[in-house]
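Engineer:
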């Protein structure tokens, strides 16, 4: 079974630059999550989609972060402009529905210098 | 506020020794709790959930509502159990949003 695919795996940018991450969920999964994992901490939800609608974006720093899930399949997460504190692993996860098992991608490790 | 606390950043045991990874939570109502594991260079994956009450890879976890704990246990640790373990609960909004603890690295020495 193909898992959740994310790209790129690694990204290094300078502060104030912009960056975008891509996620392709498991086929048929209606729910998609973006988590941020800062070094030494557990993952923290940034945004959750149900199909192409946003369910929860309460912890998304909306002045600099944005995400979309056009057509209810792939999703992109963008940061513009990046700050040093955005250095983290960005995890995408998907599930059939909100209360079924979530499957995680490998993550994108972002370093902001 | 809903919160998950894993008090140990690192737990180091010898092969064959018992393991207990601690997890405490703060939640009003009936929580749904999970343990996730991340092996080296692999993705985060579900290990077990308290609702299923099953044993996975020899690990078990019992929900203790009185102590608000969900400790992960294994009677005899194996070297392949070395990994990062995260305790998590589902947010009360029932959206599937997971709230994770800080994680505990389990190191099983030969």
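Chains as they are written, first to last, in our numbering: chain D, 1 to 113; chain Z, 1 to 110.
Don't be surprised by glycine CBs; every beta carbon is placed ideally from N, CA and C.
Since this is a predicted model, take the numbers as computed values, not measurements.
Less than 8 Å between the C-beta atoms of residue 95 of chain D and residue 102 of chain D, yes or no?
Structural biologist: Numbered from its first residue, the first chain carries residue 95 of chain D at position 95. Numbered from its first residue, the first chain carries residue 102 of chain D at position 102. The answer is yes: Cβ separation under 8 Å.
Engineer: Tell me, please, whether the segment 29-49 of chain Z touches the segment 86-106 of chain Z by the rule of three or more beta-carbon pairs shorter than 8 Å.
Structural biologist: yes
Engineer: Chain D beta carbons: is any one of them nearer than 8 Å to that of residue 129 of chain Z?
Structural biologist: Given that chain Z is displayed from residue 1 to residue 110, the structure contains no residue 129 of chain Z and the question cannot be resolved.
Engineer: CA-CA distance, residue 29 of chain D and residue 105 of chain Z?
Structural biologist: As a working note, residue 29 of chain D is residue 29 in the first chain. As a working note, residue 105 of chain Z is residue 105 in the second chain. One C-alpha to the other measures close to 30 Å.
Engineer: So is residue 10 of chain Z buried or exposed if we call it buried at 16+ other beta carbons inside 10 Å?
Structural biologist: Counting from 1 along the second chain, the entry for residue 10 of chain Z is found at position 10. That one is exposed.
Engineer: If you check the beta carbons only, do residue 38 of chain D and residue 112 of chain D fall under 8 Å apart?
Structural biologist: Here residue 38 of chain D is taken as the residue at index 38 of the first chain, counted from 1. Here residue 112 of chain D is taken as the residue at index 112 of the first chain, counted from 1. Contact flag unset, no.
Engineer: Would you mind giving the Cβ-Cβ distance between residue 78 of chain D and residue 20 of chain D, rounded to the nearest angstrom? I have them listed as a contact below 8 Å.
Structural biologist: Taking the first residue of the first chain as 1, we reach residue 78 of chain D at position 78. Taking the first residue of the first chain as 1, we reach residue 20 of chain D at position 20. Under the criterion of beta carbons closer than 8 Å, residue 78 of chain D and residue 20 of chain D qualify as touching, at roughly 5 Å.
Engineer: Judging by CA-CA distance, which residue of Z:79, Z:85, Z:42, Z:61 is the nearest neighbour of residue 104 of chain D?
Structural biologist: The residue you call residue 104 of chain D lines up with position 104 of the first chain. Ranking Z:79, Z:85, Z:42, Z:61 by Cα distance to residue 104 of chain D puts Z:42 first.
Engineer: Any beta-carbon of chain Z closer than 8 Å to the one on residue 21 of chain D?
Structural biologist: Taking the first residue of the first chain as 1, we reach residue 21 of chain D at position 21. Answer no: the Cβ-Cβ gap between residue 21 of chain D and chain Z never drops below 8 Å.
Engineer: Whose CA, out of D:54, D:16, D:98, lies closest to the CA of residue 75 of chain D?
Structural biologist: Translated into positions along the first chain, residue 75 of chain D becomes position 75. Ranking the options by Cα distance to residue 75 of chain D, first place goes to D:54.
Engineer: Relative to chain Z, which residues along the segment 83-101 of chain D have a C-beta separation below 9 Å, given in chain order?
Structural biologist: 91, 93, 95, 97, 98, 99, 100, 101
Engineer: Using a C-beta cutoff of 8 Å, does residue 40 of chain D count as contacting chain Z?
Structural biologist: Walking along the first chain from the start, residue 40 of chain D turns up at place 40. By this cut-off, residue 40 of chain D is an interface position.
Engineer: Does DSSP put residue 32 of chain Z in a helix, a strand or coil?
Structural biologist: What you label residue 32 of chain Z is simply residue 32 of the second chain in a count that begins at 1. Three-state DSSP puts residue 32 of chain Z in coil, outside helix and strand.
Engineer: Applying the criterion that 16 or more other CB atoms from any shown protein chain within 10 Å of the CB defines a buried residue, is residue 83 of chain D buried or exposed?
Structural biologist: In the first chain, residue 83 of chain D corresponds to position 83, counting from 1. Residue 83 of chain D should be labelled exposed.
Engineer: Quick one: which chain D residues come within Cβ less than 9 Å of residue 86 of chain Z?
Structural biologist: Taking the first residue of the second chain as position 1, residue 86 of chain Z is located at position 86. 42, 43, listed in chain order.
Engineer: Roughly how far, in whole angstroms, is the beta-carbon of residue 13 of chain Z from the beta-carbon of residue 77 of chain Z, given that I think they are within contact range, below 8 Å?
Structural biologist: If you number the second chain from 1, residue 13 of chain Z lands on position 13. If you number the second chain from 1, residue 77 of chain Z lands on position 77. Beta-carbon to beta-carbon, residue 13 of chain Z and residue 77 of chain Z are separated by about 5 Å, close enough to satisfy the 8 Å threshold.
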